[in-house]
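**Q** Protein sequences, first through last, are from chains A and B.
In terms of the working numbering, the first sequence has 314 at position 314, counting the first letter as 1, and numbering is strictly consecutive.
Basically the working numbering = 1-based index in the second sequence + 1000.
Even glycine gets a Cβ: it sits at the ideal position worked out from N, Cα and C.
Please read these numbers as outputs of a predicted model, since none were measured by experiment.
There's a structure below that I have some questions on.
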Amino acid sequence: MITGDGVLLSVRNLIKYFPITRGIIFQRQIGAVHAVDDISFDIHRGETLGLVGESGCGKSTTGRTILQLYRPTSGQVLFDGVDLVTLKGNELRKMRRRMQMIFQDPYASLNPRMTVGEIIGEPLLIHGVAKGKAIQERVEQLLELVGLNPAFSNRYPHEFSGGQRQRIGVARALALQPDLIVCDEPISALDVSIQAQVVNLLEDLQHQFGLTYLFIAHDLSMVRHISDRVAVMYLGVLVELADRNELYNNPLHPYTQALLSAVPIPDPFVEERRRRIILEGDVPSPVNPPSGCRFRTRCKYAKEICSEVKPDWRELQPGHFVACHFAGELG
Amino acid sequence: MSQETIRLKEKALAGGMPLTQKRENLWVDAFRRLIRNRAAVIGGTIVIVLIIMAVFAPQIAPRSYEKQVLNDQNTVPAWLLSIFPTMKPYARISNDYVFGADYVGRDLFSRIVYGARVSLTVAFIGPLISLIIGTIYGSISGYFGGRVDNIMMRIVDVLYAFPGLLFIILLLAFFRSTLTKIEPGTFAYAVSQLDARLGGMLFIFIGIGLTAWETMARLTRGQVLSVREKEFIEAARTIGASNLRIMFRHILPNIIGPLVVAETLAIPGYISTEAFLSFIGLGVNPPTPSWGSMIADGAQVIRTYPNQTVFPALALAITMFAFNFLGDGLRDALDPRLRGTQ
């Protein structure tokens, strides 16, 4: 495992708005979904950064914008020092070799009209890494690596179970020997026993190849298990980022505190004493997010300043970032 | 069961190996379902018979389709009198002609055999043109989406609103009526010459092509839109696939089924358009036989010699049924979930 301190990916002030338009031929923009609104973080080489948050808070959009599947509205995505946002066409395609993605839905992410061999071999073919028989050999290697029978390469995806399909997705992501893999909720569509298998596979592969993961999920205990550091997202912004244990033991942001209080504890005595912080109301619309602090409408500590000033992204303790005016002062 | 197979089975049950090494290719699977569908098999057989008839028309037809024998005008074979007894008092009976002869003494059966050529050519050219133009147009529109899509689809809407038949009729009227006045060497002259050499089928092709692709473009666009948002397209983009590759390797194979089905089901429409044009005298040039023009000729004498209308009409009806059955069967075979729907 490579545990260098080098920063592999550096996201700076990333913003992604999806325009809402009206009109048939002459479209005019009448608003925007503020999916990702000014977030910054680093991912170190060889680490796993967990990204958590509730549905619709922009986790997946962040992952996709980093990979340039969505072009960001503004901001920088520095991958090994190269700003991906400025790359186009062929240059971008070349960089794609080094960053791959594992998708949430193993049923939708494999082309039903291609054999497993074609699916895993396609990246090799596109980037001209291998030709003819060499592709077949590499595909078989990859299948074995992810724990599938190499003889499966001429079968179609519908012949496999969800867990097996997810392994095929992992093999495809590994084909080009990337540095970074964005795992977009890779286990939420699987049942629990299979989840553990896939997570273990991802961990093994990380040790073997020194991979760097951005692990997007909403299962807090799974994130705690796999991540080195964890970032918490709410309504398009990062609210807290810290080392795994630091975050789970000492959450500073009220949203993180509420989120963690919802995790069940597998011990009946502790579980009985666990006090849930119940948040009032719903998540505000990302089309028209609250002024100042995004979380103020549901925060029990909210004061006047919260609606007036957007809280800074501060490093309160070394390696522990938080965006809250009263972080550290709250009970 | 031999020792070997038992051992293999045990190994397979232990999870090591699949029980059967089946190759589930989409088209093989679809074909298997198709041949289980009786109506589709009957339709398919009729289509094959028609194709053979059209290709080997000179060998099958007992006479020439254009030779006029004045003595045999409106002759009726004896067996027909039992079906149409009203013809008894005045019919000129001659057993030389299976279905009888028309008003200038041409063999009806031979003309029906040759007529299959026109109908089948239309049945294959129509889908070909609309598949090529419509699929490309619809794919571009659906794939790029946004403003491109919007503009391209509004163009289709405008064309769609224009009556197709009227358009074909105007086209024919323009090129054909002026044929005598067109100077050799001009574009219009060349087009007219080509049309004449094809027996008048060129304008039918152009007419059908110009109107049929619109439906196809809309269908393709819709299909592309639904596949485009699937995660495997995003996966393809992540591995660096180009737009062309995504289009041809990832989107097209996933939408080709519905497109083929739609085109097969549209074939009867093309055949009837051709028949209609020939019926009103704008289709093929005489003496090229087309079922539509034969029905038109027969309609003049439908009370006295009904056989001259009934046989070409039957041929037309059977052909259209055959393509419809085949199309329905194809749809059920390619997408079993749609079985029994319209």
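Going by C-alpha distance, which of C306/A, C299/A, V283/A and Y301/A is nearest G292/A?
**A** As a working mapping, residue 292/A is identified with position 292 in the first sequence. Residue C306/A is the option with its Cα nearest to G292/A.
**Q** Determine the DSSP secondary structure at A302/A, reduced to helix, strand or coil.
**A** Locating residue 302/A in the first sequence gives position 302, counting from the first residue. Coil at A302/A, not helix or strand.
**Q** Should H158/A be labelled buried (16 or more other beta-carbon atoms within 10 Å of its own) or exposed?
**A** Against the first sequence, residue 158/A aligns to sequence position 158. Looking at its Cβ environment, which holds fewer than 16 other Cβ atoms inside 10 Å, H158/A is exposed.
**Q** Going by DSSP in three states, G346/A sits in which element: helix, strand or coil?
**A** There is simply no residue 346/A to check, as chain A begins at 1 and stops at 331 in what is shown.
**Q** Which residues, taken in chain order from the stretch 1300-1312 of chain B, show a beta carbon closer than 7 Å to some beta carbon of chain A?
**A** Listed by position along the chain: nothing, the set is empty.
**Q** Of all the CB atoms in chain B, is at least one closer than 8 Å to the CB of D219/A?
**A** Counting from 1 along the first sequence, the entry for residue 219/A is found at position 219. Cβ-Cβ to chain B under 8 Å: no for D219/A.
**Q** Relative to the C-alpha of V1353/B, which candidate in R1228/B, Y1097/B and E1214/B has its C-alpha closest?
**A** Because residue 1353/B is not part of the residues shown, which for chain B are 1001 to 1342, the question remains open.
**Q** Using a beta-carbon distance cut-off of less than 8 Å, what residues from the stretch 1223-1254 of chain B approach chain A?
**A** From the stretch 1223-1254 of chain B, only K1230, E1231, F1232, E1234, A1235, A1236, R1237, T1238, I1239, G1240, A1241, S1242, R1245, R1249, H1250, P1253 and N1254 have a Cβ closer than 8 Å to chain A.
**Q** Applying the 10 Å Cβ sphere with the 16-neighbour rule, what's the burial state of A1235/B?
**A** Here residue 1235/B refers to the residue found at position 235 when the second sequence is read from its first residue. Answer is buried; the Cβ neighbour count reaches 16.
**Q** Spatial neighbours of V1098/B within its chain, please: CB distance less than 7 Å, with the 5 preceding and 5 following residues excluded, ordered by chain position.
**A** As a first step, residue 1098/B must be located in the second sequence, where it is residue number 98. Cβ neighbours of V1098/B beyond the five flanking positions: P1077 and F1109.
**Q** Mapping the DSSP letters down to three states, classify I1280/B as helix, strand or coil.
**A** Counting from 1 along the second sequence, the entry for residue 1280/B is found at position 280. It is coil, neither helix nor strand.
**Q** Determine the extent of the beta strand (DSSP E) in which V7/A is found, giving its start and end residues.
**A** Here residue 7/A refers to the residue found at position 7 when the first sequence is read from its first residue. Here the beta strand (DSSP E) through V7/A covers V7 to R22.
**Q** For L142/A, which option in E122/A, R298/A and H44/A has the closest C-alpha, if you only look at C-alpha atoms?
**A** Your numbering for residue 142/A matches position 142 in the first sequence. Selected option, being the one with the closest Cα: E122/A.
**Q** If I measure Cβ to Cβ from K1022/B and keep anything under 7 Å in the same chain, skipping five residues before and after, which residues do I get?
**A** Position 22 of the second sequence, counting from 1, holds the residue named residue 1022/B. Confidence at K1022/B is low in this model, with a pLDDT of 48, below 50, so its placement is unreliable and no value can be given for it.
**Q** In whole angstroms, give me the CA-to-CA distance for I1208/B and I1271/B.
**A** For the purposes of this step, residue 1208/B is taken as residue 208 along the second sequence, with counting starting at 1. For the purposes of this step, residue 1271/B is taken as residue 271 along the second sequence, with counting starting at 1. Spanning the two alpha carbons is a distance of roughly 10 Å.
**Q** Tell me, which residues are paired with I1168/B by DSSP?
**A** Working through the second sequence from its first residue, we reach residue 1168/B at position 168. Looking at the DSSP assignment, I1168/B forms no beta bridge with any residue, so it has no partner.
**Q** If you measure between the beta carbons of V230/A and V33/A, is that distance less than 8 Å?
**A** Stepping through the first sequence from its first residue, residue 230/A is reached at position 230. Stepping through the first sequence from its first residue, residue 33/A is reached at position 33. Contact flag unset, no.
**Q** Could you give the distance in angstroms between the alpha-carbon of I1267/B and the alpha-carbon of G281/A?
**A** Position 267 of the second sequence, counting from 1, holds the residue named residue 1267/B. Position 281 of the first sequence, counting from 1, holds the residue named residue 281/A. Rounded to the nearest angstrom, the two C-alpha atoms are 58 Å apart.
**Q** Return no unless some Cβ of chain B is closer than 8 Å to the Cβ of E144/A.
**A** Indexing the first sequence from 1 puts residue 144/A at position 144. No, its Cβ sits nowhere closer than 8 Å to a Cβ of chain B.
**Q** DSSP puts E1274/B in a beta bridge; with which residues?
**A** In the second sequence, residue 1274/B corresponds to position 274, counting from 1. None; E1274/B has no bridge partner.
**Q** Residues in the same chain with beta-carbon distance under 7 Å from V1041/B, minus the five sequence neighbours each way, listed in chain order, please.
**A** Here residue 1041/B refers to the residue found at position 41 of the second sequence. The residues are I1035.
**Q** Considering Q1193/B, what are the terminal residues of the beta strand (DSSP E) in which it resides?
**A** The residue given as residue 1193/B occupies position 193 in the second sequence. Element bounds for Q1193/B: not the beta strand (DSSP E) but the alpha helix (DSSP H), F1187 to R1197.
**Q** Please go through the same chain and pick out, in chain order, the residues whose beta-carbon is closer than 6 Å to the beta-carbon of S10/A, but skip the five residues on each side of it.
**A** Translated into the one-based positions of the first sequence, residue 10/A becomes position 10. Excluding residues within five positions, the ones whose Cβ falls inside 6 Å are D42 and L78.
**Q** Return the Cβ separation of V239/A and A323/A in integer angstroms, given the expectation that the two are a contact with Cβ distance under 8 Å.
**A** Indexing the first sequence from 1 puts residue 239/A at position 239. Indexing the first sequence from 1 puts residue 323/A at position 323. Confirmed, Cβ separation roughly 5 Å.
**Q** Enumerate in chain order the residues of its own chain whose CB-to-CB distance from E144/A is below 8 Å, with the five nearest sequence positions on each side excluded.
**A** Within the first sequence, residue 144/A is the residue found at index 144, counting from 1. Once the five neighbours on either side are set aside, the close Cβ partners of E144/A are P150.
**Q** Which residue from I102/A, I277/A and P290/A puts its Cα closest to that of R1237/B?
**A** Here the question's residue 1237/B lines up with position 237 in the second sequence. If we check each option's Cα against that of R1237/B, I102/A comes out closest.
**Q** Do G1199/B and T1288/B count as a contact pair if the criterion is CB distance below 8 Å?
**A** Counted from its first residue, the second sequence places residue 1288/B at position 288. Counted from its first residue, the second sequence places residue 1199/B at position 199. In contact: T1288/B and G1199/B (Cβ atoms closer than 8 Å).
**Q** Between S55/A and chain B, is there a C-beta pair that is closer than 8 Å?
**A** Residue 55/A sits at position 55 when you count from the first residue of the first sequence. False, the Cβ-Cβ gap to chain B never drops below 8 Å.
**Q** With distances taken between CB atoms, is the gap from L1259/B to L1202/B smaller than 8 Å?
**A** Within the second sequence, numbered from 1, the residue matching residue 1259/B stands at position 259. Within the second sequence, numbered from 1, the residue matching residue 1202/B stands at position 202. No; because the gap between Cβ atoms is not below 8 Å, this pair is not in contact.
**Q** Check A217/A in the structure and name its three-state DSSP category.
**A** In the first sequence, residue 217/A corresponds to position 217, counting from 1. Reduced to three states, the DSSP call for A217/A is strand.
**Q** Using a Cβ cut-off of 7 Å, pull out every chain B residue sitting near A108/A, in sequence order please.
**A** What you label residue 108/A is simply residue 108 of the first sequence in a count that begins at 1. Ordered by position in chain B, the residues that pass the 7 Å Cβ test against A108/A are K1230, E1231 and F1232.
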